[in-house]
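Visitor:
Numbering (the numbering used here), first residue to last: 1375 to 1509.
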């Protein structure tokens, strides 16, 4: 038999495997967050359906807030995919350093969107809120 056939299969480093699995879990968590942001954006835009059909419905700015949430969700999906592959390569090369910029950027985005929701909720006239009817 040749020497190549007698070699034992190479065992994978269990720490490396754990790192890749943790990277995948993190990626999936970011994906869920992105989907939730997009869903919340749709919810904000579609809330006007809860008003009676004959009630006056000024265009308002709610759609802009909903659009901002949807865009933040889409960006979250794209950026998390890019980050997943970058971390995967860093794990393979054993050069991974956790980046702080993504934590700061995502936190600021969510804070700004939350402030937008608070502003929107407190600037909607009360008579519009009383006209909510669920059929």
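Glycine included, each C-beta is placed from N, C-alpha and C at the ideal position. Everything numeric in this text was worked out from a predicted model, so none of it was measured.
Can you grab the Cα-Cα spacing for the pair residue 1474 / residue 1481, in whole Å?
Guide: Distance between the alpha carbons of residue 1474 and residue 1481: 11 Å.
Visitor: Exposed or buried, which one is residue 1476 when buried takes at least 16 other CB atoms within 10 Å?
Guide: The residue in question, residue 1476, is exposed, as its Cβ has fewer than 16 Cβ neighbours within 10 Å.
Visitor: For residue 1389, count neighbouring C-beta atoms within 10 Å of its own C-beta (all shown protein chains included) and say buried if the count is 16 or more, exposed if not.
Guide: Exposed, since its Cβ has fewer than 16 Cβ neighbours within 10 Å.
Visitor: Measure the C-alpha to C-alpha separation of residue 1487 and residue 1460 and round it to an integer number of angstroms.
Guide: When rounded, the distance between both Cα atoms is 27 Å.
Visitor: Are residue 1447 and residue 1412 touching if we call contact CB-CB under 8 Å?
Guide: Yes, the pair counts as a contact, with Cβ atoms nearer than the cut-off.
Visitor: Expressed to the nearest angstrom, what Euclidean distance is found between the alpha-carbon atoms of residue 1401 and residue 1416?
Guide: Between residue 1401 and residue 1416, the C-alpha separation is close to 23 Å.
Visitor: Using the rule of at least 16 other Cβ atoms within 10 Å of the residue's Cβ for burial, across every protein chain shown, is residue 1439 buried or exposed?
Guide: Residue 1439 comes out buried.
Visitor: Quick check on residue 1418: buried or exposed, where buried means 16 or more other Cβ atoms within 10 Å of its Cβ?
Guide: By the neighbour-count rule (16 or more Cβ atoms within 10 Å), residue 1418 is buried.
Visitor: Should residue 1444 go down as buried or exposed, given a rule of 16 or more other Cβ atoms within 10 Å for buried?
Guide: So residue 1444 ends up on the buried side.
Visitor: Relative to the C-alpha of residue 1454, which candidate in 1391, 1393, 1394, 1398 has its C-alpha closest?
Guide: For residue 1454, the nearest C-alpha among the options comes from 1398.
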